[in-house]
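Notes follow once the structure below has been shown.
In the working numbering, the protein residues as written are 2 to 243.
Shown next as structure tokens:
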């Protein structure tokens with residue numbers, strides 16, 4: 002990210018990342034009291050494995066995707082449901098201004114969820130879902146890495162950026178159904194420096210959980226490279242995606 006963007010993000014006024022309300026300079030988390038109480042937290046009925054929000058009427062605690070697909074990650078947690086103010090904040094982070102401080106705030110929130118749900122897990126390293134070189138050049142930053150930086154700092158667990166890479170550019174996942182997403186993402190990721198992750202417990206961070214195809218493929222290559230276990234953490238999860 003260039004110096005102009007760094008300065009713009011560093012000196013952004015303290016406002017709520019969800020509604021834009023001005024905050025005190027002493028605020029650490031960039032969220033106003035109103036939003037903190039009304040955001041769509043992912044605390045309702047959800048899949049025990051991937052954390053996808055489920056139909057309250059159904060008696061199942063495992064979504065159809067996790068029932069029918071081998072999951073290479075042990076579990077995913079998502080702090081929010083991807084809608085309303087949360088969706089707007091993530092879009093602003095990815096496509097608008099204020100990427101650094103929005104990502105930092107979302108990462109702090111996500112770290113809280115990790116502590117609450119994975120309190121018995123000792124992580125060796127934090128990784129983020131990588132972008133291809135082409136996508137990174139176009140966007141100038143990786144939003145998942147920015148979030149992971151904040152998660153890493155909050156948890157006191159080292160982050161590595163030289164382990165998981167995406168050497169190929171693929172078609173966009175948006176608009177594809179569950180099966181096509183799995184096919185599209187297959188073999189898109191590689192592991193470098195695999196000696197480091199052998200027998201390690203990994204926390205893999207991304208911004209949005211949709212079908213889990215991307216996280217599952219990342220987890221597959223990490224496990225095949227020798228990782229002991231992969232847990233995932235995402236800022237928000239979409240309602241069950243077909």
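Cβ coordinates follow ideal geometry from the N, Cα and C atoms, glycine included.
For residue 80, the enclosing beta strand (DSSP E) has its first and last residue at 76-82. In the three-state scheme derived from DSSP, where H, G and I count as helix and E and B as strand, residue 62 is classed as coil. Under the three-state reduction of DSSP output, residue 55 falls in the coil class, being neither helix nor strand. By the beta-carbon neighbour count (other beta carbons within 10 angstroms, threshold 16), residue 103 is buried.
With distances taken between CA atoms, residue 208 lies nearest to 90 out of 20, 76, 90.
Going by DSSP, residue 215 is part of the alpha helix (DSSP H) stretching over 214-225. At the C-beta level, residue 126 and residue 162 stay beyond 7 Å of one another. The shortest CA-to-CA distance from residue 223 to any of 134, 166, 61 is the one to 166. Taken through DSSP and simplified to helix, strand or coil, residue 122 comes out as coil.
For the stretch 92-145, the continuous alpha helix (DSSP H) assignments of 4+ residues that do not extend past its boundaries occur at 100-118, 134-140, in sequence order. Cβ contact annotation for residue 41 (same chain, cutoff 7 Å, sequence separation greater than five): 81, 82, 84, 85, 87, in chain order.
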